[in-house]
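Following my numbering, the numbering of the sequence shown begins with 592 at its first residue and continues without gaps.
Ideal Cβ placement from N, Cα and C applies to all residues, glycine included.
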Amino acid sequence: MRRAVVLSVLLSLALVAPASAATSAFQIHYTGSYAWHDTFDGSGPSAGSSARRSETLSWVEDVSGSTAGPGEASDLHVKLAAQGTIDDDEGGGYPPAHCTITQAPGSATHNVAVTRHGDGTLGVNLNLPQMSGSDVTVTGGPSCQYFGSVLFCNTEHCGSSSVCPAVPPVTQDPSFADAFSPSLSGDADASRAFDVGGPRARETVACETGGGTRATQIAITSEVRVNAGGRATHRTPAGRHIPAIERQKVFAKSDFLTTLFRAEAACGQVVLGTTAVVWGVAVPAESAAAAAVAGDVILAGSGFECVTLLSRLEADARIVNDPPRKDFGTLAQPRPVRTKVTLPDCAREPAGPAGFCAALRAAELRYIAASRAATARAEALQVTVFRESGAAKARRTSALKAQERHASALVTELRGAAKAERAAGAKLATLLKAQRVSGALTADQAQGGAAYVTSALAKHRLPASSLPGGPPTAAAIDLVAAFTR
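Below is the structure:
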């Protein structure tokens, strides 16, 4: 069920006018636009899931009236025009919402109050037109009725209180509060722009629960003009540059969480060895031999896969921790492991379905090779990130830019290698499913794999408390599905 996002924003404008102007008429022009974009891409246990949410809103509000003396103006004339859209596709079985935002019917003065104080100052209070049913109207499909208000970011959160929120750093800056609550003072005729944007208005985080990444971006461009204040000057929002290295760390954290799941599956089988039966078939009478073949081939391959994924986890974890290196004049290159992978000879395996053992053996070799290729790029990225930090610390701009370009290329390569890895795993899964072969680790068995991973990383000075997401905890694992994560 959707949660209505309720945001109550009070725009208070304390506008000071000379005492001689206490009886003068006033005009207030408030215009602006707002955009919010949020994306979620699942990985690991959440692989294949995604969510996309976007909202845009533009408004123009003109208020006119006069005050003959102290007190609240009662003859306000308000004209509001608002237009926007909400596109929400959150998956999970919910139908997409494609909604239109317009101003509510009528010209009520519920969102504005103007008061002349005894000292001649003019007080203007504006509620941003964002409440559905009173300020604006949200129309569209049945899902649109759940939006009790619009505007999804404030200083505390962006969107609902969902898992893995991404809140741009700018929401903690005074500029963001000013954009929601602008203030003018000292002049009867004044104008000012209130804008939010730039690097600090974007944020991407890795989801520690469930896997994946969430990215949020907001933008506000607005202007308040009182009487003959003229046109406000809009400037590019200021804010620190978010270096490429931060994006690389986010990517590494996401890759760590995805890899951890598969490492628990591979290393969990290594821990069990041949002491437990984790592979079987739905109909034993038809293809019991296929399960035996799968158990032998995949168990042998799991040893190599476990070692490869442990190296990948170490590289990802060290990228997140990021100690600088001084050799930032050199570019790191991927160096795949070339140790020969030895799998059981099909001639010595049970007589399973024709061609199954050979096909499975070849698919397992390709899967391990793909994992090694991805891990080699993760290890090169680790060294590159260290060198980026070293160049930044030494203030070597040219070296830093060279390492940043190289890191961006490695991230692209790693994304492609990870995609190839999943494709190789999918072929393995297809072979197994065709013979109705299934494999599973219980929660306790999977925890054994997690403990093995934790212990191995600790030996490389990566204690569990320092790992992205903290000490790993495991649940039961579908070993066939794990190949595609």
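* To do: Whole angstroms is fine: what's the gap from P773's alpha carbon to R783's?
  => 9 Å
* What beta strand (DSSP E) runs, 3 residues minimum, are completely inside the stretch 918-960? -> none
* Contact under 8 Å by Cβ, L863 with Q1036 -> yes
* To do: Inspect the beta-carbon positions of L1048 and L851 and report whether they are closer than 8 Å.
  => no
* Apart from the five residues on each side of it in sequence, which residues of its chain come closer than 7 Å, Cβ to Cβ, to V976? -> I836, Q839, I910, D913 and A998
* To do: Please list, in chain order, all residues of the same chain as C948 whose beta carbon is under 8 Å from its beta carbon, the five residues on each side excluded.
  => V884, V888, C937 and E940
* May I have the straight-line CA-CA distance separating A1073 from A856, to the nearest angstrom? => 7 Å
* Applying the criterion that 16 or more other CB atoms from any shown protein chain within 10 Å of the CB defines a buried residue, is P1142 buried or exposed? -> Lying outside 592 to 1076, the shown extent of the chain, residue 1142 is not represented and no answer is given.
* **Sub-8 Å separation of T899 and V928 beta-carbons** => In contact: T899 and V928 (Cβ atoms closer than 8 Å).
* Asked: Does the stretch 919-934 touch the stretch 806-826, meaning 3 or more C-beta pairs lie closer than 8 Å?
  -> no
* Asked: First and last residue of the alpha helix (DSSP H) that includes H997?
  -> H997 -> alpha helix (DSSP H) spans T988 to A1025.
* Asked: What whole-angstrom Cβ distance do G767 and V761 have, given they're in contact under 8 Å?
  -> It is worth fixing the name first, because residue 767 is Phe in this sequence and not Gly. Confirmed, Cβ separation roughly 5 Å.
* A1066 and A1034 closer than 8 Å at C-beta -> yes
* Assuming L901 and A854 make a contact with CB atoms under 8 Å, what is their CB distance in whole Å? -> 6 Å
* In the DSSP assignment, what are the bridge partners of F767? -> Paired residues: none, contrary to the question.
* First through last residue of the alpha helix (DSSP H) which encompasses L1070 -> L1070 to A1073
* In angstroms, rounded to a whole number, what distance separates the CA positions of K1010 and G892? -> 20 Å
* Residues near V796 by beta carbon distance below 6 Å, same chain, minus five either side -> A757 and R805
* Asked: Are the stretch 964-978 and the stretch 988-1007 touching, with three or more C-beta to C-beta distances below 8 Å?
  -> yes
* To do: Return the first residue and the last residue of the alpha helix (DSSP H) that Y1043 is part of.
  => It spans A1034 to A1049 - the alpha helix (DSSP H) in which Y1043 sits, taken as one unbroken run.
* In the DSSP assignment, find the unbroken beta strand (DSSP E) run with T630 in it and report its ends. => A616 to D632
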